[in-house]
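See structure below.
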Amino acid sequence: MIKLDYCYHTHTSRCGHAFGEDEDYVLNAIKIGIKRFGFSDHVMLPGIKQPHSRGDFTLLNDYLLSTRKLQHKFKDIIDIKVGFEAEYADRFVNYYQELLASGKIDYLILGQHFDFDKSDNPQYIKQYKNNISELYHYADQLIKGMQSGLFKYVAHPDLFVTMFKTWNEHCEKVTRAICEEAVKLALPLEINIHASRFWNNNSDFMVYPEVKFWKIASQYPIKVVVGYDAHHPLEFDNQIDVASEIIDKYKLTHIKDYKL
Numbered sequence: 202m203i204k205l206d207y208c209y210h211t212h213t214s215r216c217g218h219a220f221g222e223d224e225d226y227v228l229n230a231i232k233i234g235i236k237r238f239g240f241s242d243h244v245m246l247p248g249i250k251q252p253h254s255r256g257d258f259t260l261l262n263d264y265l266l267s268t269r270k271l272q273h274k275f276k277d278i279i280d281i282k283v284g285f286e287a288e289y290a291d292r293f294v295n296y297y298q299e300l301l302a303s304g305k306i307d308y309l310i311l312g313q314h315f316d317f318d319k320s321d322n323p324q325y326i327k328q329y330k331n332n333i334s335e336l337y338h339y340a341d342q343l344i345k346g347m348q349s350g351l352f353k354y355v356a357h358p359d360l361f362v363t364m365f366k367t368w369n370e371h372c373e374k375v376t377r378a379i380c381e382e383a384v385k386l387a388l389p390l391e392i393n394i395h396a397s398r399f400w401n402n403n404s405d406f407m408v409y410p411e412v413k414f415w416k417i418a419s420q421y422p423i424k425v426v427v428g429y430d431a432h433h434p435l436e437f438d439n440q441i442d443v444a445s446e447i448i449d450k451y452k453l454t455h456i457k458d459y460k461l
């Protein structure tokens, strides 16, 4: 069983589908031995409203103020970073660059949940059931994000499996494209354990982490990190055995002392 002393994928109640107080996330992380911690709520986007998916842009300052206060309060106990999980789109690049350059945030992780049309209407990837063209569009956008240099790692790169009931040749092609780019850029891929608690929910569609993705990934010299993707203060250490089994079975290189 792997032991994690880092966690850089943590949400807050501002996104509308996470629960609990910010400080409780920190306290529970400390309780299980986390030494390096990061808040990475779904990025607030100017001019885009997505209730129950991401916090309104008006909540940005509250998020930054609260998490920075906790960073200072617990600085002698745990190293806290402040960031966002964010989708890549060309028109968001300047905004992301400003957030990073200004020091408002410390990092970004790439989580390509949504595609945005020309009117900035968000389309959740899960809506594109059995849509091959959208699968390749997802891969194109994800790889552009990887190439942008904005992101520390790729969150749940196998998220696309939620579009399909069964694995297919297109899933394999996309997996290989993502892994090849990860190797080229030396960019870690995340084994995300949040959704594994839904493996037995009788869904007709696949759920990540998808072992077929990671079996193929093992053919490449990639490096992996593990993401709790916590949406509740009590979700730390939950389902860690899932990631441990994948890492051991496919002999993946886990960055045990991962630091931002």
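Under the working numbering, residues 202 to 461 are what the sequence shown spells out, in order. Ideal placement from N, C-alpha and C gives every residue a C-beta, glycine not left out.
With residue i as the anchor, note down where its beta strand (DSSP E) starts and where it stops.
i	result
R237	237-243
Let me make sure I understand the geometry here. Which of the options has the alpha-carbon closest to that of residue i?
i	options	result
T259	K270, F365, M245	M245
D206	N229, D225, F220, R237	R237
H243	I379, C372, L265, L386	L265
N172	E373, D225, G248	Nothing can be reported for residue 172, as the shown portion of the chain is limited to 202 through 461.
I306	P434, N332, Y297	Y297
S267	E436, S214, Q251, R255	S214
With H, G and I counted as helix, E and B as strand and the rest as coil, what does DSSP make of residue i?
i	result
D442	helix
Y207	strand
G428	strand
T268	helix
V355	strand
T213	coil
I'd like to know whether the C-beta of residue i is nearer than 8 Å to at least one C-beta of chain D.
i	result
R269	In the structure shown, chain D does not exist; there is a single protein chain.
At what residues does the alpha helix (DSSP H) containing residue i begin and finish?
i	result
K413	412-418
K232	223-232
*Please determine if the region 312-328 and the region 287-302 are in contact, where contact requires at least 3 C-beta pairs separated by less than 8 Å.*
yes
*When the Cβ atoms of the region 384-399 are set against those of the region 419-431, are three or more pairs found closer than 8 Å?*
yes
*Kindly provide the ranges of any alpha helix (DSSP H) runs that are 4 or more residues long and lie completely inside the region 270-342, ordered along the chain.*
With a minimum length of 4 residues, the continuous alpha helix (DSSP H) runs that stay inside the region 270-342 are 294-302.
*Should the region 328-345 be regarded as contacting the region 299-307, the criterion being three or more beta carbon pairs within less than 8 Å?*
no
*Let me know the beta strand (DSSP E) ranges lying completely inside the region 358-396, each 3 residues or longer, listed in chain order.*
390-393
*Are the region 352-359 and the region 326-333 touching by the rule of at least three beta carbon pairs closer than 8 Å?*
no
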